[in-house]
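Here the sequence shown is numbered in UniProt numbering, starting from 1 and rising by one per residue. The block underneath contains the structure these notes are about, expressed in structure tokens.
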Amino acid sequence: MGNGRVALVTGASRGIGRAIALGLARRGFDLALNDIDRQAEALEAVAAEAHSAGIRAIPYHADVSSKAAVQAMVARILHDFGTIHAVVNNAGILRASDVENCPEDYWDSVMDVNAKGTFLVTQAVLPAMKAKGYGRICNIASIGGKHGAPEQAHYSASKAAVMGFTRVLAQEVGPLGITANCVCPGIILTDMGRVNLDDPAIRGAWQAKTAMARIGDPEDVAGPVAFFCSDDSAFVTGQTLNVDGGIVLD
1 MGNGRVALVT
11 GASRGIGRAI
21 ALGLARRGFD
31 LALNDIDRQA
41 EALEAVAAEA
51 HSAGIRAIPY
61 HADVSSKAAV
71 QAMVARILHD
81 FGTIHAVVNN
91 AGILRASDVE
101 NCPEDYWDSV
111 MDVNAKGTFL
121 VTQAVLPAMK
131 AKGYGRICNI
141 ASIGGKHGAP
151 EQAHYSASKA
161 AVMGFTRVLA
171 QEVGPLGITA
181 NCVCPGIILT
191 DMGRVNLDDP
201 AIRGAWQAKT
211 AMARIGDPED
221 VAGPVAFFCS
231 DDSAFVTGQT
241 LNVDGGIVLD
């Protein structure tokens, strides 16, 4: 049964985005589900699964790094749902390379999706949230934006940018009834995470660094995101929450 709230989740077809979307569905949010065209079939499957929770779920295909595509998508969502109460900026990519040999297009594509995409989606939804005097913005950053790892300088930079953006955004929109926070996942077993985690030695090393001695599942991220999308976090803004099983301890 729905709770009357509408959430937009970007990058919702798989991994952490899928888990977040289904977690919000279980909590009664109607869903606007976003991903790129080539993920259409997977996104439809997430929408179908969300329907089983008794809520509305509509897929929208758009590249979040394109302002025109984002503006058009948000216009369609507002036409279909009437409003947007919460947005989860989850869409992200990783193309590993060391700094010395990193192609310029690797840097640009990672920054465009991870950092600029978060900005463009947020910018597009703010007028509707401002009109209602209410909004919940949850940006998915990463512990990689705090500490980083070899061959991920551009990814780390993009996620650090998301955190800095969120801190300033929170100050600008707080008086308008809108909160903005970050969730920083740690080592999570997703398709993207398997780039490193398929190696038993690397997986074991990360487990050894984690207080809970295990690799995270996408579902581990869903609850903290749902908190930031709900009224339970009404007096929490400008924060970054590590969801990493105890790697970054602060």
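Quick reminder that beta carbons are idealized off the backbone N, C-alpha and C, glycines included. Predicted model only: the values in this text are computed from it and were never measured.
Apart from the five residues just before and just after residue i, which ones in its own chain have a Cβ nearer than 7 Å to its Cβ?
i      : result
Val70  : Ala62, Val64, Leu120, Val121, Ala124
Glu49  : Leu22
Glu151 : Ala96, Ser97, Asp98
Thr118 : Asn89, Asn139, Val162, Phe165
Gly174 : Thr237
Trp206 : Ile187, Ile215
May I have the straight-line CA-CA distance separating residue i from residue j, to the nearest angstrom?
i           : j      : result
Ser233      : Ser142 : 20 Å
Pro138      : Ala57  : Per the sequence shown, residue 138 should be read as Cys rather than Pro. One C-alpha to the other measures close to 19 Å.
Asp217      : Gly145 : 19 Å
Asp112      : Phe81  : 28 Å
Val87       : Ser52  : 21 Å
Ala12       : Gly92  : 10 Å
His147      : Thr240 : 14 Å
Leu43       : Ser158 : 25 Å
Ser109      : Ile77  : 26 Å
Pro103      : Gly4   : 46 Å
Lys209      : Met129 : 40 Å
residue 267 : Val183 : The first residue shown for the chain is 1 and the last is 250, placing residue 267 beyond what the model contains.
Tyr101      : Ala153 : At residue 101 the sequence reads Asn, which differs from the Tyr that was named. Rounded to the nearest angstrom, the two C-alpha atoms are 11 Å apart.
Ala68       : Asp37  : 15 Å
Gly186      : Val221 : 9 Å
Tyr106      : Lys116 : 14 Å
Leu24       : Asp244 : 20 Å
Gly133      : Gln171 : 15 Å
Ala45       : Arg14  : 10 Å
Ala131      : Thr190 : 37 Å
Ala19       : Gln39  : 15 Å
Met212      : Val6   : 34 Å
Leu197      : Leu249 : 22 Å
Glu41       : Thr10  : 15 Å
Based on DSSP bridge pairs, tell me the residues matched to residue i.
i      : result
Val6   : Asp30
Asp35  : His61
Ala180 : Ile137
Ser97  : Gln152
Ile188 : Gly216
Leu169 : Leu169 pairs with nothing; no bridge assigned.
Thr240 : Cys182
Compare the Cα-Cα distances from residue i to each of the options and report the closest residue.
i      : options                        : result
Ile16  : Ala149, Thr237, Ala211, Val225 : Val225
Arg136 : Val236, Ala160, Tyr106         : Val236
Ala149 : Pro127, Ile178, Ile202         : Ile202
Ile247 : Cys229, Ile215, Asp30          : Ile215
Pro127 : Tyr155, Gly177, Arg27, Trp107  : Gly177
Asp30  : Ala19, Ser66, Ile84            : Ile84
Gly2   : Arg18, Ile55, Asn242, Asp199   : Ile55
Thr179 : Pro200, Ser230, Asp199         : Ser230
Near residue i, which residues of its chain fall below 8 Å by C-beta distance, leaving aside the five closest residues on each side in sequence?
i      : result
Gly204 : none
Tyr60  : Ala32, Leu33, Asn34, Met73, Arg76, Ile77
Asn181 : Ile137, Cys138, Asn139, Thr166, Ala170, Phe228, Ser233, Val236, Thr237, Gly238, Gln239, Thr240, Leu241
Gly223 : Gly23
Within the same chain, show all residues whose beta-carbon is closer than 6 Å to that of residue i, passing over the 5 residues directly before and after it, in chain order.
i      : result
Val114 : It is worth fixing the name first, because residue 114 is Asn in this sequence and not Val. So the qualifying residues of the chain are Gly92, Ser158.
Arg27  : Ala226
Glu219 : Ala19
Ala160 : Gly145
Ala47  : Leu33, Ala57, Pro59
Would you say residue i faces chain B, with C-beta separation under 8 Å as the test?
i     : result
Asn34 : The displayed structure is made up of one protein chain only, and chain B is not part of it.
3-residue-minimum beta strand (DSSP E) runs that sit fully inside the segment 47–92, ordered along the chain: 57–61, 86–89
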